[in-house]
Amino acid sequence: GLSGCTQLQRLYLYANAIKVIENLNGLKRLEHLWLNENMINKIEGLSGAKRLKELNLASNQIRFIGTSLAENTELEVLNLADNKISSFQVSIAFYSKKQSHSK
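Using this note's numbering, you'd call the opening residue of the sequence shown number 564 and step up by one each time.
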């Protein structure tokens, strides 16, 4: 797995038929993650990636955006284009932090 890649900052896994995001919690320095063009239907397993700034999940099977990204407070770019999202719930903590930076 990738658990030993503790210095990894960028990971591009697009177009790989990936169904589940898993085993990425050890990547503490990860800043850019591209998982577009896969078969992911749920956003999970990213709480350990505290430094994540860019997340590309375009062209997947995602239907619901819950609070799973609430701990990714450094996130600046989130691409969810070409998914089947029917429900979107924004974490208040995430929104509050971004609002304070935009002033």
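No residue lacks a Cβ here, since even glycine has one placed at the ideal position from N, Cα and C.
Quick one: residues in its chain with C-beta nearer than 8 Å to the C-beta of residue i, no 5 flanking neighbours on either side, listed in chain order?
{"i": "A621", "result": "N599, E600, N642, L643, A644, D645, N646"}
Considering only the beta carbon of each residue, do residue i and residue j sit closer than 8 Å?
{"i": "E617", "j": "I584", "result": "no"}
{"i": "N635", "j": "L615", "result": "yes"}
Identify which residue in the options has its Cα closest to the Cα of residue i.
{"i": "S542", "options": "L576, L593, I625, Y575", "result": "Outside the displayed range of the chain (564 to 666) lies residue 542, so it cannot be described from this structure."}
{"i": "G629", "options": "N623, S650, E639", "result": "S650"}
{"i": "N623", "options": "V640, Q570, W597", "result": "W597"}
{"i": "Q570", "options": "N588, R626, L638", "result": "N588"}
{"i": "R573", "options": "F627, L565, A580", "result": "L565"}
{"i": "A633", "options": "G567, R626, K613, N619", "result": "K613"}
{"i": "Y577", "options": "G567, L590, H595", "result": "H595"}
{"i": "E637", "options": "N604, I648, K591", "result": "K591"}
Would you identify the three-state DSSP class for residue i, choosing helix, strand or coil?
{"i": "Y575", "result": "strand"}
{"i": "S631", "result": "coil"}
{"i": "K617", "result": "At residue 617 the sequence reads Glu, which differs from the Lys that was named. Reduced to three states, the DSSP call for E617 is strand."}
{"i": "S649", "result": "coil"}
{"i": "S596", "result": "The sequence as given places Leu at residue 596; Ser does not occur at that position. It is a strand residue."}
{"i": "N642", "result": "strand"}
Between which residues of its own chain and residue i is the CB-CB distance below 7 Å, once the five residues before and five after are set aside?
{"i": "A580", "result": "N601, M602"}
{"i": "Y668", "result": "The requested residue 668 is not part of the displayed model; the chain covers only 564 to 666."}
Which residues in the same chain have their Cβ closer than 6 Å to the Cβ of residue i, if we skip the five residues on either side of it in sequence?
{"i": "F627", "result": "S650"}
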